[in-house]
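Here the numbering used here is used: the first residue of the sequence shown is 425, the next is one more, and so on.
The structure appears below as structure tokens.
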Amino acid sequence: MKQIQFKLNATTDLHSFDTLILPVFDQGQSTQLAKDVNLLDLTQTLFKQGDFLAKPGQTQMLFQPASIACSRLLLVGMGELETLTVKSYLESLNAAAKALDNTGATNVLNTLIECQPANNDQAWAIYQNTLAFQRSVYDYEHESRNKKTPKDPKLTSMSYAAETTAANETAMNQAQASALGMALTQDLANMPSNFCTPTYLAETAEAMAKTYGFEANILEQDEMIKMGMGSFMAVAQGAHTPPKMICLSYQGADASQAPIALVGKGVTFDTGGISLKPGEAMDEMKYDMGGAATVLGVFEALGRIKPKLNVVAVIPATENMPAGNAIKPGDVVKSLSGQTIEILNTDAEGRLILCDALTYAQQTYKPSKIVDMATLTGACIIALGHQMSAVLGNNQPLVDALIASGQKTYDRFWQMPLSDEYDEQLKSNFADMANIGGRAAGTITAAQFLARFTKDVDWAHLDIAGTAWVSGKDKGATGRPVPALVDFLLEQV
Ligand code: BES
Ligand code: MN
Ligand code: ZN
């Protein structure tokens, strides 16, 4: 993806730019710069005439405006100054990015950072602007798209007239790295499962290891069978494409410092297995590796930011297929932890692969904390919709840190409870536990299942079934929750 050059400490001499992005409030109010270059007459006249009411998300591009030295002026409606909210600010920001699409704007002075919603500072605005504009040039790129030409953005440089403080610089760099991480996450999740196989995910991780100096370790099927990953291997046994356990280590701190482990569900296609899913919208189950793609997207950002901490990625990757040799409802398997599982529904496969990955991560890396992420339950979409990911965990400070990063980046999480009463729903007559807990509280019982494999470590689980992609006419991967996780990790330094 094209990388925009973001700059701080820009001049406000408009001769240096071809485009000025200007926030406009109701009644045609704007910034000090607008006053200085005599633009307030224009914006207030537009308001009085009813041509531009500056509603949040409303934009107007003017070419060759008489009073200023650059050839494009993008007016961005921000609504009422007093009631500027994060939601309306981001709505306006994304509309501004969209308005620059398919224009010739290349070298832009962006003054949207001059205003911020209450309780947010300029560094926050720089973060959100950088994230939004870098993201706006994303387009899914793959040879199979054939004649559908990807976007061809002209935008090459964006400047902010803001001081080069550490906070501003950090915000800008974090945002750009996060946006580039999201692009990788989106590319992998958008890629159809006949291309994006476990092997392809492993090759992607190995290529990243080369680029950024990560250590890569890919476990193969025969090795994992020998190690006793009976649960993960049970899901993989019906698939023709071989499963992989994809591990990456990023070492930014002393080797003696225990790493944070990120574990991501990598089901490259979820048919449901013998408990076959209905046909409608089944194509969307190519996104069932959204957790894995998120972990790799976060590593892309880590490779660019290079923070002083240690992080490992553990990604169990397989297809979930119906087959003559596939697992069947009622089958009992033994997990790497030694606990046995009665598979009552082969469509609850995510937890079956994650439990062995969680055990493996603890045995191999002795992490200080584990965060796993997975498109785990349809129930999560019913509970929280597409706005927030669910977070559950056994350590409240860890959960709180994730929620705080989600709020700051506006890639939000909402906590659901864990409790022994829910755990009882996993009782089995034939094994230590069943892999499903009935219809009630489906997201919670899935997390209770994982909790049985993370008793001795601080752990949080993110259910991203509702947030990792959108359906409908803009169908595609969102790149979430890369921004929140990158922020969470940087807060751990
Ligand atoms: N990958 C699905 C969860 C999912 C469903 C994500 C729809 C996004 C959209 C997961 O493997 C699954 O099938 N879960 C089952 C669990 C059930 C059998 C207990 C579900 O949610 O129906
Ligand atoms: Mn499933
Ligand atoms: Zn699944």
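In this text, a Cβ means the ideal position worked out from N, Cα and C, and glycines have one as well.
For the pair ALA855 and VAL722, the CB atoms are not nearer than the 9 Å cut-off.
Distance from the CA of SER491 to the CA of THR589, rounded to the nearest whole angstrom, comes to 32 Å. Among the bridge pairs identified by DSSP, MET797 is matched with GLY688 and LEU886. At a cut-off of 3 residues, the continuous stretches assigned as beta strand (DSSP E) that sit fully inside the stretch 719-756 are 734-744. Contact check between the stretch 529-546 and the stretch 497-514: three or more CB pairs, one atom from each, fall below 8 Å, which counts as touching.
Placement of the Cβ of THR589 at a distance of 8 Å or more from every heavy atom of the ligand ZN is found. Contact residues of the ligand ZN (beta-carbon closer than 5 Å to any heavy atom; chain order) are VAL691, ASP694, ASP712 and GLY774.
In this structure, DSSP gives ILE868 a helical state, which the three-state scheme calls helix. About 6 Å separates the beta carbon of LEU850 from that of GLN872, a gap short enough to meet the 8 Å contact definition.
In the displayed model, TYR674 falls within a strand according to three-state DSSP. In this structure PRO683 is buried. Its beta-carbon is surrounded by 16 or more other beta-carbon atoms within 10 angstroms.
Secondary structure of MET653 (DSSP, three-state): coil.
Counting only runs of 3+ residues, the beta strand (DSSP E) found wholly inside the stretch 610-649 occupies 639-643, in chain order.
Between ALA595 and TYR551, the gap from beta carbon to beta carbon is short of 9 Å. Excluding the 5 residues flanking it on each side, ALA523 has same chain C-beta neighbours closer than 7 Å at THR483, MET485 and LEU498, in chain order.
Between THR799 and ILE888, the beta carbon gap of about 6 Å places them in contact (Cβ cut-off 8 Å). Distance check between ARG904 and each of GLN610, ALA679, THR635 and THR665 places GLN610 closest, using alpha-carbon atoms only. Under DSSP, the beta-bridge partners assigned to ASN534 are ILE445. VAL917 counts as exposed, since fewer than 16 other C-beta atoms from the protein chains shown sit within 10 angstroms of its C-beta. Between TYR624 and GLY900, the gap from beta carbon to beta carbon reaches 9 Å or more.
Counting the other CB atoms within 10 Å of its CB gives ASN853 a total below 16, which places it among the exposed residues. Per DSSP, reduced to three states, the secondary structure at LEU466 is helical.
Burial state of LYS668 is buried, judged by a 10 Å Cβ sphere holding 16 or more other Cβ atoms. In the DSSP assignment, THR833 falls within the unbroken alpha helix (DSSP H) covering 820-833. Within the same chain, and ignoring the five residues on either side of GLY809 in sequence, the residues whose Cβ sits closer than 8 Å to its Cβ are GLY890. Between the C-alpha atoms of THR783 and PHE557 there is a straight-line separation of about 40 Å. Listed in chain order, the non-local C-beta contacts of VAL736 below 6 Å within the same chain comprise SER673, PRO683, ALA685 and TYR789, local neighbours out to five positions each way being set aside.
Relative to the ligand BES, MET745 has its C-beta separated by 8 Å or more from all heavy atoms.
Within the same chain, Cβ atoms closer than 8 Å to the Cβ of GLN429 are found at THR580, SER581 and MET582, the five residues on either side in sequence being excluded.
Close CB contacts of LYS575 within its chain, under the 6 Å cut and outside five residues either way in sequence, are with ASP563 (chain order).
Rounded to the nearest angstrom, the Cβ distance from SER699 to ASP771 is 4 Å, consistent with a contact under 8 Å. Contact between ILE739 and ALA658 does not hold, since the beta-carbon distance rounds to 18 Å and is not under 8 Å. Residue pairing by DSSP places ARG496 opposite THR443 and PHE487 in a beta bridge. Take VAL795, set aside five residues on each side of it, and the residues of its chain with a beta-carbon closer than 6 Å to its own are LEU686 and ALA884, in chain order. Contact check for LEU555 and SER602: beta-carbon distance about 6 Å, within the 8 Å limit, so the pair qualifies. When secondary structure is reduced to three states using DSSP, THR788 falls in the helix class.
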